[in-house]
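Here is the structure we will look at, set down as structure tokens.
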Amino acid sequence: MLLPTTATLATALAVASASLVAPVEKRGSLISNLVNIVEELIAILILEIERSNDQYFWDSYVNGTEVTDEWHFCKTLGDQCGPVLEEHYSTYITTETIDKLAKVGVNFLRIPITYAAWVAISAVLEFIEASVNPWAYTVSVINEASDNPIGFATAADCFLGEEHWSPYFDVTDNLVIDTHIYYFAAAGVYSGYAVGAICGQASAAPGDAKFPVFIGEWSLQTLYNNTYDNREELFNTQRYAWSHYVQGGAFWGAVFNGTDPVDGEGTQRDYWDYTGLIDANVIHTMTNQTYC
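Residue numbers (my numbering): 2 to 293.
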């Protein structure tokens with residue numbers, strides 16, 4: 002789900018209830034600087050929270066366990082789960098968070114829906130039917146996009162670009178190709194030498210240009226030698242590249258408190274936390290400067 006950012010979170014939620022899905026404009030007119038809203042708004046929309054997004058919160062309640070998702074989190078906490086999550090939702094991402102994002106040019110919020118949250122319970126159907134636009138909810142199976150029918154499909158890699166998928170659809174179809182580009186999983190990528198890879202990959206991403214391409218997820222972490230000093234260049238280059246060559250991108254995530262170590266300096270939160278990067282003077286309002 003994509004929501005435009007506004008002056009306050011309340012307005013954003015009003016937009017969500019009034020127009021959950023809008024037609025996508027083609028041919029390069031969708032240029033967005035997006036941030037993934039993880040945990041809080043997802044959960045408001047009956048969605049899953051992930052342990053890696055806020056390790057501190059999870060450790061406060063299920064430390065020492067193998068619990069990694071919201072379903073098992075609540076199964077472990079029992080009747081206390083509701084109050085615990087409601088308190089978390091009300092404080093983790095707030096109206097001030099949305100204002101902070103908007104001030105540096107974020108104009109949409111991407112609210113990803115994970116498979117784990119869509120369970121066969123009546124509350125899900127009731128929520129959809131009670132919404133202003135129930136037609137905006139669609140559960141469609143696009144199975145084994147990686148051409149790997151064995152095992153858990155969404156965990157497999159797929160290196161097929163827009164030009165591979167475009168022949169399957171008519172040019173009039175309202176379709177956007179969403180691709181996720183992470184350099185922490187790219188072979189041999191050092192933070193000091195990633196700029197060339199970013200620009201090269203971005204220039205090739207449009208494929209045959211039949212359909213818009215959107216970079217649905219990206220971050221600043223690279224496979225090797227992450228440094229605080231390189232973060233601003235990596236951010237500016239990716240934000241520019243995703244806006245210049247394709248139809249925008251969504252950084253993961255708005256607030257991210259992952260504590261896993263990275264190769265080099267810091268932990269994951271230093272390379273994945275948008276609001277933290279604003280505070281660290283890494284992210285500024287976009288200018289007319291070119292980076293590729």
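Using N, Cα and C, we set each Cβ at its ideal position, and we do this for glycine too. Since the model is a prediction, treat every value here as computed from it, not as a measurement.
C-beta contact flag for residue i and residue j at 8 Å
| i | j | result |
| --- | --- | --- |
| N226 | G267 | no |
| W253 | S220 | yes |
| F257 | R270 | yes |
| T238 | Y275 | no |
| W166 | Q222 | no |
| L235 | A187 | no |
| G178 | F212 | The amino acid at residue 178 is misidentified as Gly; the sequence shows Ile. Yes, the Cβ-Cβ distance between I178 and F212 is below 8 Å. |
| L161 | G189 | no |
| N134 | S192 | no |
| F58 | H89 | yes |
| L102 | A242 | no |
Residue i versus residue j - alpha carbon distance
| i | j | result |
| --- | --- | --- |
| V105 | T98 | 12 Å |
| V283 | D174 | 39 Å |
| Q56 | T69 | 10 Å |
| V214 | Q81 | 43 Å |
| P262 | R52 | 15 Å |
| K1 | T96 | Within the shown structure, residues of the chain are numbered from 2 to 293, placing residue 1 beyond reach of any answer. |
| M287 | A251 | 15 Å |
| I199 | L126 | 42 Å |
| I94 | E87 | 12 Å |
| I279 | H285 | 7 Å |
| F185 | G217 | 16 Å |
| T92 | V85 | 11 Å |
| D60 | N54 | 12 Å |
| Y229 | E163 | 33 Å |
| G201 | E233 | 19 Å |
| A131 | G83 | 21 Å |
| Y62 | W72 | 14 Å |
| D100 | G79 | 35 Å |
| G197 | A124 | 48 Å |
| D171 | T180 | 20 Å |
| Q290 | I129 | 44 Å |
| C159 | G277 | 31 Å |
| V107 | P168 | 33 Å |
Buried or exposed by the 16-neighbour rule on C-beta atoms within 10 Å, applied to residue i
| i | result |
| --- | --- |
| T260 | exposed |
| E40 | Unreliable positioning characterises E40 in this predicted model, as indicated by a pLDDT of 36, which lies under 50. The coordinate reading is nonetheless provided below. Buried, because 16 or more other Cβ atoms sit within 10 Å of the Cβ of E40. |
| N64 | exposed |
| F74 | buried |
| E67 | exposed |
| A281 | exposed |
- Inside the region 204-291 only - beta strand (DSSP E) runs reaching at least 3 residues: Counting whole runs of 3 or more residues, the region 204-291 contains the beta strand (DSSP E) stretches 214-219 and 249-252.
- Could you tell me whether the region 191-211 touches the region 227-247, using the rule of 3 or more Cβ pairs below 8 Å? Yes, they touch.
- Item | Any alpha helix (DSSP H) of 4 or more consecutive residues that is wholly inside the region 61-99 | Listed in chain order, they are 71-78 and 82-93.
- What are the uninterrupted segments assigned as beta strand (DSSP E) that are 3 or more residues long and contained completely in the region 158-198, given in chain order? Every beta strand (DSSP E) of 3 residues or more that sits fully in the region 158-198 is shown, in chain order, as 178-181.
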